[in-house]
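Student: For the sequence shown, this note's numbering assigns the number 8 to the initial residue and increments by one for each residue that follows.
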Amino acid sequence: MGIVVEPIELDAETLQGFDRYVLAAEAVMADTAVQATGFLWSGAKPERTQQLRKGTVLAEYWDGGRSPLAVAQGLIHDWVGAIFVPDRTVKQVVALIQDYPNHKNIYKPEVIESGVVSRNGDSFQIYLRLLKKKIITVVLDTYHDVLYAWPTLNRGSCTSHSTQIQEVEHAGTPKEITSPPDKGYGFLWRLYSYWRFEETEGGVVVECRAISLSRDVPSGLGWAINPIVRNLPKESLIHTLEATRNGLVKLS
């Protein structure tokens, strides 16, 4: 049986709710970015540090939540995760992540195409074509403003804000069609990522907090839409962290 999901348009009230949430979250992040303690989410609990040292990929809702936050006609997903990579440095992590033309190889199959639109020092504008596949396959053309900062010699951070996300139908074929921004099926309206890196004894801790906005779940289609809008944010975060670690491990 086919799945019929009606296209929708991002509602102004939904976007306002997301913007308010991000503003509050970024205010807290700005405080912890300059603190001697509290820079790393994983450092707040000894058991997290122990798990990282054992090679575990940590991923959970921010502040221990159990579900996305409903806002108007959308859902806000706020996930945070971390990995530990032995015998690597912050500079090596940043060099890997800044290799945007190579993201299509580092982060495949989720990243299909990638590149740098422009660069000015530690500020980038990048392009990523993303593949989201779970029951339904969705291809997205996404553009992001990315800024790197260096709080201390052994710490780094990266903030990435999506500036445009467009759904692509019949991707890679002569019939390819790109929807206008903020119109389509709404599986990903916004994606903001916040990376932190810290060199510690024996290696480097890499963390990523991903705050995204999607549509809500249409009545009667929960069985089809829930796996996409509720499960994919976590799965994408874990894949990103694992791919980052794999890329760093392969460095000579």
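Even for Gly, the Cβ is constructed at its ideal location relative to N, Cα and C.
Because the structure is a prediction, the values reported are computed rather than measured.
Considering only C-alpha positions, which residue in the set V256, I245, E249, K241 is nearest to H84?
Tutor: Nearest C-alpha to H84: K241.
Student: If you check the beta carbons only, do L220 and W86 fall under 8 Å apart?
Tutor: Going by C-beta atoms, L220 is not nearer than 8 Å to W86.
Student: Under the DSSP definition of a beta bridge, which residues are partnered with S219?
Tutor: Answer is H84, L198, bridged to S219.
Student: Going straight from the alpha carbon of A43 to that of E183, what length do you get?
Tutor: Computed Cα separation, rounded: 50 Å.
Student: What residue does the alpha helix (DSSP H) around L135 start on, and which one ends it?
Tutor: No alpha helix (DSSP H) contains L135, which is instead part of the beta strand (DSSP E) from 130 to 141.
Student: Considering just the uninterrupted stretch of the alpha helix (DSSP H) at N253, what are its terminal residues?
Tutor: That run of the alpha helix (DSSP H) goes 239 to 256.
Student: Tell me whether the beta-carbon of S49 lies closer than 8 Å to the beta-carbon of L30.
Tutor: Against a cut-off of 8 Å, the Cβ pair of L30 and S49 comes out as no contact.
Student: Which of helix, strand or coil does DSSP assign to N112?
Tutor: Note: N112 maps to helix in three-state DSSP.
Student: Is it buried or exposed for G9, if we count other Cβ within 10 angstroms and need 16 for buried?
Tutor: Residue confidence for G9 is low, a pLDDT of 48 falling below 50, so the modelled location carries little weight; the figure read from the coordinates is stated next. With fewer than 16 other Cβ atoms within 10 Å, it is exposed.
Student: Here's a check: name, in chain order, each residue in its chain whose Cβ is nearer than 8 Å to the Cβ of L82, leaving out the five neighbours to either side.
Tutor: The answer, listed in chain order, is P75, L76, L220, S221, R222, D223, V224, V236, R237.
Student: Measuring straight from C-alpha to C-alpha, what distance separates P53 and I133?
Tutor: Using only the alpha carbons, I get a separation of about 36 Å.
Student: Should W196 and L47 be called a contact, given that it needs their Cβ atoms to be closer than 8 Å?
Tutor: Not a contact, by the Cβ cut-off of 8 Å.
Student: With DSSP run on the structure shown, which of helix, strand or coil describes F46?
Tutor: DSSP places F46 in coil when its eight states are reduced to three.
Student: Starting from Y68 and walking both ways along the beta strand (DSSP E), at which residues does that stretch end?
Tutor: Where Y68 is concerned, the enclosing beta strand (DSSP E) stretches over 65 to 68.
Student: For A178, which three-state DSSP category applies?
Tutor: Note: A178 maps to coil in three-state DSSP.
Student: Cβ atoms of R162 and F131: under 8 Å apart, would you say?
Tutor: It is not a contact, given that the beta carbons lie outside the stated cut-off.
Student: Using 8 Å for Cβ pairs, my map puts S167 next to A156. What's the rounded Cβ distance?
Tutor: Not quite, the Cβ-Cβ distance comes to about 12 Å (not below 8 Å), so this is no contact.
Student: Would you list the residues sitting across from D4 in a DSSP beta bridge?
Tutor: Summary: the structure shown does not reach residue 4, with the chain confined to residues 8 through 259, and so no result is reported for it.
Student: So which of Y201, A40, G193 has the shortest CA-CA distance to W69?
Tutor: Of Y201, A40, G193, the residue nearest in Cα terms is Y201.
Student: From G45 to A37, what distance separates their C-alpha atoms?
Tutor: Looking at the two C-alpha atoms, the distance is approximately 11 Å.
Student: Rounded to whole angstroms, what is the Cα-Cα separation between K61 and V213?
Tutor: When rounded, the distance between both Cα atoms is 14 Å.
Student: Which two residues bound the contiguous beta strand (DSSP E) that contains E3?
Tutor: Nothing about residue 3 can be read from this structure; the chain reaches only from 8 to 259.
Student: Would you kindly check if the distance between the Cβ of K190 and the Cβ of P14 is under 8 Å?
Tutor: Cβ atoms of P14 and K190: closer than 8 Å.
Student: Closest to C215 by C-alpha separation, out of G209, E206, Y199, would be which residue?
Tutor: The residue with the shortest Cα to Cα distance from C215 is Y199.
Student: Whose C-beta lies closer than 8 Å to the C-beta of I104 among residues of the same chain, with five residues either side of it excluded?
Tutor: Within the same chain, I104 has close Cβ partners C165, W202, T251.
Student: So what's A19 in DSSP terms, helix, strand or just coil?
Tutor: The answer is helix: DSSP assigns A19 an H, G or I state.
Student: What does the Cβ neighbour count give for E208, buried or exposed, with the cut at 16 atoms within 10 Å?
Tutor: Exposed: under 16 other Cβ atoms inside 10 Å.
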